[in-house]
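Line order of the protein sequences matches chains D and A. Anchor point for the first sequence: position 101 equals 149 in our numbering, and the numbering is continuous, going up by one each time. Anchor point for the second sequence: position 130 equals 112 in our numbering, and the numbering is continuous, going up by one each time. Every residue gets a Cβ at the ideal spot worked out from N, C-alpha and C, and that includes glycine. Just so you know, these numbers come straight off a predicted model, no measurement behind them. Beneath this line is the structure, given in structure tokens, with notes to follow.
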Amino acid sequence: MFVNMTLTVKFSLSVIVFLCLIAVFGPFLPVADPYAQDISKALQLPSMDHWFGTDQLGRDLLSRTIAGSRFSLLIGFGAVIVGLMIGVPFGMMAGYYGRWVDAIFARVIDVLLAFPGIVLALAVVAVTGPGISNLILAVGLRTIPVFARVSRAETLSLRQRDFVDAARALGCPPYKIIYWHILPNIIGPLMIIGSLQMATAILIGATLSFLGVGVSPEVPEWGGMLNAGRPYMMRYPHLVLVPGFTLMVAMMTLNILGDYLRDRLDPRFIITKA
Amino acid sequence: MILSYLLKRLFYLLPTLFILSLIVFTLVRLIPGDPVFAIAGLDATPEILEEIRTALGLDRPLLTQYIQYLGGLLVGNLGTSFRTYQPVWVEIWHRLPSTLELATAGILVSLLLGITLGIIAAIRPGSWMDASTRFVSLLGVSSPTFWTGLLFVLAFGYYLPLFPIAGSGDLRHLVLPAMTVSLTSLAFITRLTRSSLIEVFTQDYIRTARAKGVPPGRVIVHHALQNALVVPLTVAGLEFGRLISGVIVIETIFARPGIGKLLIDAIQFRDWPVIQGLILTFALMFAIVNLTVDIIYSMLDPRIRLN
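Set out below in structure tokens:
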């Protein structure tokens, strides 16, 4: 699969791997402490001491950007995992058992999808309050219907296949069929949805932090950093340009990767984002 | 025929709305912290707190509160804001025009520009025009709205002051926010128009038209576009619904007095009635837009209706 990738895709993949690496190994890197404030050094433009400059409280922007990758990727992964853990079994059951399970499924999904865009996530954080785990929950709720719908559609079509009939004839109980036969076959579409949803999840997480209802302000998260830098951005644009640019790069690479997976794994699926 | 489809869809809308109101009601009651403190201040005496509680009806059992709420909804009474003591629907009503203005401008821009760019990309697939439009649309899809908004503020508000960056009022105030909010949809519509148009170009009747000597411009506009535009137009309808939520961020950046900003303020102030009312409003607007798109789509494609 690696040899078929164009240069763009290879580049995107390496960027994502790089981001993951600095997210994991961030604390061990020889950069400043992202939380260390030093007002005397506040609002410096990029220099040899501080490659990305400093923010309004004197914190090194480079280390904050690196630390930010942890949080953003954490939110992205967390939300996708929530969607997978809850949405996929739900969708598969609705697709396999049908009838009343499916009816309940349709109602629940309708309700989850009734809220446009970030309104759902906003509603959740309005109730639970700010914080990383609440943020993951809020964004995760948004991914559940997407995964659930795709799993259901796939399960519906796979259910008709001969090997499922054969398994049933052999007395295989439904839960085993779902786990051993149907699930391995839907991994492909799930990976596509997963990468695209991760981009969306990171975006929504950053948006909520930007609006002030996500993580708390000392926590280095790209969206929050953008919000903090807003009052100073006229004279110190680097406060806003740096985190925004990294955010854009992260999302772009994830989108490219998702598109590539979609082209490779199954172009006949019209998998549009819900 | 269309009428029965419409009625059926409306009918299915009702239980969803009902469950929505229930969820919104419970959601807001789950918030930790007593809202009376937010109104009265932390050092208020217990008597004042009790007074406020009774006045707002928060001391009744939960079921009674919900039935009251539901009854109010049916009449159109969404409660009173904790913050400004105005009726919630008045607050929303005052701010709705600004938001609708922005959303409409956004969808128009993304449609006009998106279709144009899609056409440009499709007539010469693989060229640098195609590649550059594809790149721009990729940027559009992956750029966070708040970032592009801030970039626009920097670029056109500060370095090259052409357009106002705050408030609302006339058309000039709309330019920057509309451009920001339309970016993602624009990218999406461009992609769809391009792929849809490329597919239509492979059809026989296009070949016939070209063989007949129809000038290329007319081939595109008169023959190909009608069929190619079905998918992008339906998507545009759905995007309108998404735009409605996108304006939340835009209004905060460009300081426009719309319902998006109202929601953020309400959340920060824990203004329950406004939060409830706004969530319902957003969901209702979204549902209406989706319903309209479905109706239009079913008018265009009889197969959907007969399903």
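Item to check | Per-residue burial, D/Ser88 [other beta carbons within 10 Å of its own, 16 or more giving buried] | outcome: One-based indexing of the first sequence puts residue 88 of chain D at position 40. In summary, D/Ser88 is exposed, with fewer than 16 beta-carbon neighbours lying within 10 Å of its beta-carbon over all protein chains present.
Checklist entry - If you run the structure through DSSP and keep just helix, strand and coil, what is A/Asp247? => result By one-based count along the second sequence, residue 247 of chain A stands at place 265. Residue state, collapsed to three classes: helix.
Checklist entry - Which residues does DSSP pair with D/Thr102 in a beta bridge? => result By one-based count along the first sequence, residue 102 of chain D stands at place 54. Paired residue(s): D/Asp108.
Checklist entry - For D/His191, which of helix, strand or coil comes out of DSSP? => result Your numbering for residue 191 of chain D matches position 143 in the first sequence. Checking the sequence, you will find Thr at residue 191 of chain D rather than His. Reduced to three states, the DSSP call for D/Thr191 is helix.
Next on the checklist: Would you call the region 50 to 70 of chain A in contact with the region 249 to 263 of chain A, where contact means no fewer than 3 C-beta pairs closer than 8 angstroms?
Outcome noted: In this structure the region 50 to 70 of chain A touches the region 249 to 263 of chain A; the number of beta carbon pairs closer than 8 angstroms is three or more.
Checklist entry - Checking contacts by CB at 8 angstroms: is A/Thr125 closer than that to chain D? => result Here residue 125 of chain A is taken as the residue at index 143 of the second sequence, counted from 1. A quick correction: the sequence has Ser, not Thr, at residue 125 of chain A. Interface residue, yes.
Next on the checklist: By alpha-carbon positions, which one of D/Ala249, D/Ile240, D/Ile129 and D/Asp213 ends up nearest to D/Tyr308?
Outcome noted: The sequence position of residue 308 of chain D within the first sequence is 260, counting from 1. Selected option, being the one with the closest Cα: D/Ile240.
Item to check | Given 8 angstroms, three or more beta-carbon pairs between the region 264 to 282 of chain D and the region 192 to 199 of chain D | outcome: no
Next on the checklist: Taking the straight line between their C-alpha atoms, what separation do you get for A/Leu93 and A/Pro159?
Outcome noted: For the purposes of this step, residue 93 of chain A is identified with residue 111 of the second sequence, where counting begins at 1. For the purposes of this step, residue 159 of chain A is identified with residue 177 of the second sequence, where counting begins at 1. Straight-line Cα distance between these residues: approximately 16 angstroms.
Checklist entry - Comparing alpha-carbon positions, which option in D/Ser111, D/Glu269, D/Leu251 and D/Tyr227 lies nearest D/Met299? => result As a position in the first sequence, residue 299 of chain D is number 251, starting the count at 1. Of the candidates D/Ser111, D/Glu269, D/Leu251 and D/Tyr227, the one whose C-alpha sits nearest the C-alpha of D/Met299 is D/Leu251.
Item to check | For D/Leu206 and D/Ile230, believed in contact at Cβ under 8 angstroms, the rounded distance | outcome: Indexing the first sequence from 1 puts residue 230 of chain D at position 182. Indexing the first sequence from 1 puts residue 206 of chain D at position 158. About 5 angstroms separates the two Cβ atoms, so the contact holds.
Next on the checklist: Between A/Trp110 and D/Leu295, how many whole angstroms is the CB-CB distance? I'm expecting something under 8 angstroms.
Outcome noted: Position 128 of the second sequence, counting from 1, holds the residue named residue 110 of chain A. Position 247 of the first sequence, counting from 1, holds the residue named residue 295 of chain D. The Cβ separation is near 28 angstroms, so there is no contact.
Checklist entry - Taking DSSP as the reference, what is the three-state secondary structure of A/Thr(-2)? => result Within the second sequence, the letter at position 16 stands for residue -2 of chain A. DSSP places A/Thr(-2) in helix when its eight states are reduced to three.
Item to check | Contact with chain D by A/Val212, beta-carbon distance below 8 angstroms | outcome: What you label residue 212 of chain A is simply residue 230 of the second sequence in a count that begins at 1. The beta carbon of A/Val212 does not come within 8 angstroms of any beta carbon belonging to chain D, so the residue lies off that interface.
Checklist entry - If you draw a straight line from the alpha carbon of D/Leu274 to that of D/Thr248, how long is it in whole angstroms? => result Sequence index remark: in the first sequence, residue 274 of chain D carries index 226 (1-based). Sequence index remark: in the first sequence, residue 248 of chain D carries index 200 (1-based). Their Cα atoms are separated by approximately 18 angstroms.
Next on the checklist: Only counting the same chain, and skipping five residues up and downstream in sequence, which positions put a Cβ closer than 8 angstroms to that of D/Asn182?
Outcome noted: Indexing the first sequence from 1 puts residue 182 of chain D at position 134. A distance below 8 angstroms between beta-carbons, with the five flanking residues on each side excluded, links D/Asn182 to the following residues of its chain, in chain order: Val172, Val173 and Thr176.
Checklist entry - If you run the structure through DSSP and keep just helix, strand and coil, what is A/Pro214? => result As a first step, residue 214 of chain A must be located in the second sequence, where it is residue number 232. Of the three classes helix, strand and coil, the one that applies to A/Pro214 here is helix, per DSSP.
Item to check | Contact under 8 angstroms by Cβ, A/Ile241 with D/Pro164 | outcome: On the second sequence, position 259 is the one that residue 241 of chain A refers to. On the first sequence, position 116 is the one that residue 164 of chain D refers to. Their beta carbons are not under 8 angstroms apart, which means A/Ile241 does not touch D/Pro164 by this criterion.
Next on the checklist: For a quick check, are the C-beta atoms of D/Arg190 and D/Ala169 less than 8 angstroms apart?
Outcome noted: Stepping through the first sequence from its first residue, residue 190 of chain D is reached at position 142. Stepping through the first sequence from its first residue, residue 169 of chain D is reached at position 121. Yes, these two residues count as a Cβ contact at 8 angstroms.
Checklist entry - Using a Cβ-Cβ distance under 8 angstroms, would D/Ile319 count as near chain A? => result On the first sequence, position 271 is the one that residue 319 of chain D refers to. Confidence at D/Ile319 is low in this model, with a pLDDT of 49, below 50, so its placement is unreliable and the value that follows should be read with caution. No, D/Ile319 does not count as interfacial toward chain A.
Next on the checklist: D/Glu269 and D/Tyr83 - do their beta-carbons sit closer together than 8 angstroms?
Outcome noted: Within the first sequence, numbered from 1, the residue matching residue 83 of chain D stands at position 35. Within the first sequence, numbered from 1, the residue matching residue 269 of chain D stands at position 221. No, these two residues do not count as a Cβ contact at 8 angstroms.
Checklist entry - If you run the structure through DSSP and keep just helix, strand and coil, what is D/Pro279? => result Taking the first sequence and counting its residues from 1, one reaches residue 279 of chain D at position 231. DSSP places D/Pro279 in helix when its eight states are reduced to three.
Item to check | Simplified DSSP assignment, three categories, for A/Pro69 | outcome: Looking up residue 69 of chain A in the second sequence gives position 87. Reduced to three states, the DSSP call for A/Pro69 is strand.
Checklist entry - Do we get a CB-CB distance below 8 angstroms when we pair D/Val363 with the residues of chain A? => result Only positions 49 to 322 of chain D appear in this structure, which leaves residue 363 of chain D out of reach.
Next on the checklist: So the candidates are A/Tyr279, A/Thr36 and A/Gly195; which of them puts its Cα closest to the Cα of A/Gly219?
Outcome noted: Within the second sequence, the letter at position 237 stands for residue 219 of chain A. Among A/Tyr279, A/Thr36 and A/Gly195, the Cα nearest to that of A/Gly219 belongs to A/Tyr279.
Checklist entry - From A/Tyr(-6), A/Trp75 and A/Leu4, pick the residue whose C-alpha is nearest to that of A/Leu44; which is it? => result Against the second sequence, residue 44 of chain A aligns to sequence position 62. Selected option, being the one with the closest Cα: A/Leu4.
Next on the checklist: For D/Thr294, would you say it is in contact with chain A, using Cβ-to-Cβ distances shorter than 8 angstroms as the test?
Outcome noted: Taking the first residue of the first sequence as position 1, residue 294 of chain D is located at position 246. False, the Cβ-Cβ gap to chain A never drops below 8 angstroms.
Checklist entry - At least one CB of chain D closer than 8 angstroms to the CB of A/Ile241: is that the case? => result Residue numbering aside, residue 241 of chain A sits at position 259 when the second sequence is read from its first letter. False, the Cβ-Cβ gap to chain D never drops below 8 angstroms.
Item to check | A/Leu56: CB within 7 angstroms of a non-hydrogen atom of the ligand PLP | outcome: Although the ligand PLP was asked about, the structure shown includes no ligands whatsoever.
Next on the checklist: Here's a check: name, in chain order, each residue in its chain whose Cβ is nearer than 6 angstroms to the Cβ of D/Thr301, leaving out the five neighbours to either side.
Outcome noted: Within the first sequence, numbered from 1, the residue matching residue 301 of chain D stands at position 253. If we look at D/Thr301 and ignore the five residues flanking it on each side, its Cβ neighbours are Ser60, Val63 and Ile64.
Checklist entry - Any idea what DSSP makes of A/Thr184, helix, strand or coil? => result As a first step, residue 184 of chain A is located in the second sequence; it is residue number 202 there, counting from the start. It is coil, neither helix nor strand.
Checklist entry - Which of the residues in the region 97 to 125 of chain A, read from start to end, lie with their CB under 9 angstroms from any CB of chain D? => result Leu120, Leu121, Val123, Ser124 and Ser125
Checklist entry - Could you give the distance in angstroms between the alpha-carbon of A/Asn289 and the alpha-carbon of D/Gly135? => result Along the second sequence, read from residue 1 onward, the residue named residue 289 of chain A stands at position 307. Along the first sequence, read from residue 1 onward, the residue named residue 135 of chain D stands at position 87. For A/Asn289, the predicted structure reports a pLDDT of 49, less than 50, and the residue's modelled location is therefore unreliable. The matter cannot be settled from this model.
Checklist entry - Which chain D residues sit within Cβ distance under 7 angstroms of A/Glu234? => result Walking along the second sequence from the start, residue 234 of chain A turns up at place 252. Checking the sequence, you will find Thr at residue 234 of chain A rather than Glu. Neighbours of A/Thr234 on chain D, chain order: Leu259.
Checklist entry - Looking only at its own chain, which residues have a Cβ that is under 6 angstroms from the Cβ of A/Ala248, when we skip the five neighbours before and after it? => result Here residue 248 of chain A corresponds to residue number 266 of the second sequence, with the count starting at 1. Taken in chain order, the residues that qualify are Val256 and Ile257.
Item to check | Residues in the region 212 to 230 of chain A having any Cβ partner in chain D nearer than 7 angstroms | outcome: Gly223, Arg224, Ile226, Ser227, Gly228 and Ile230
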